[in-house]
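Asks: Numbering (numbering that gives the first Met the number 0), first residue to last: 0 to 82. Submitted below is the structure of interest, expressed as structure tokens.
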Amino acid sequence: MEDPSSQNLLLQFVLLFILTVLNAFFSATEMAMVSLNRARVEQKAEEGDRRYIRLLKVLENPNHFLSTIQVGITLITILSGAS
Numbered sequence: 000m001e002d003p004s005s006q007n008l009l010l011q012f013v014l015l016f017i018l019t020v021l022n023a024f025f026s027a028t029e030m031a032m033v034s035l036n037r038a039r040v041e042q043k044a045e046e047g048d049r050r051y052i053r054l055l056k057v058l059e060n061p062n063h064f065l066s067t068i069q070v071g072i073t074l075i076t077i078l079s080g081a082s
């Protein structure tokens, strides 16, 4: 039987790893949205690509999307610090 403190430590490492991966995902998403080529997105949307049509709808109000990403990053950072 393992020591309860070592199980707790393992759980904290796993939680910290998951939070770090989520933080990386949100940060990468933010950078991808900021660096998009809007002209190419519009061209692909006009060609009928559904993914680009949805992406264009998100780009119509980028502040809303980026604010949501920032809240996610901040929340994950707080949770990482608390663990």
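Cβ coordinates follow ideal geometry from the N, Cα and C atoms, glycine included.
#1: Is residue 35 helix, strand or coil by DSSP?
#2: By the three-class DSSP mapping on this structure, what secondary structure does residue 83 have?
#3: Quick one: any contact between the region 55–68 and the region 15–31, if contact means 3 or more CB pairs under 8 Å?
#4: Can you tell me whether residue 46 is helix, strand or coil according to DSSP?
Replies: By the coordinates alone:
#1: coil
#2: As shown, the chain starts at 0 and ends at 82. That puts residue 83 outside it, with no answer to give.
#3: yes
#4: coil
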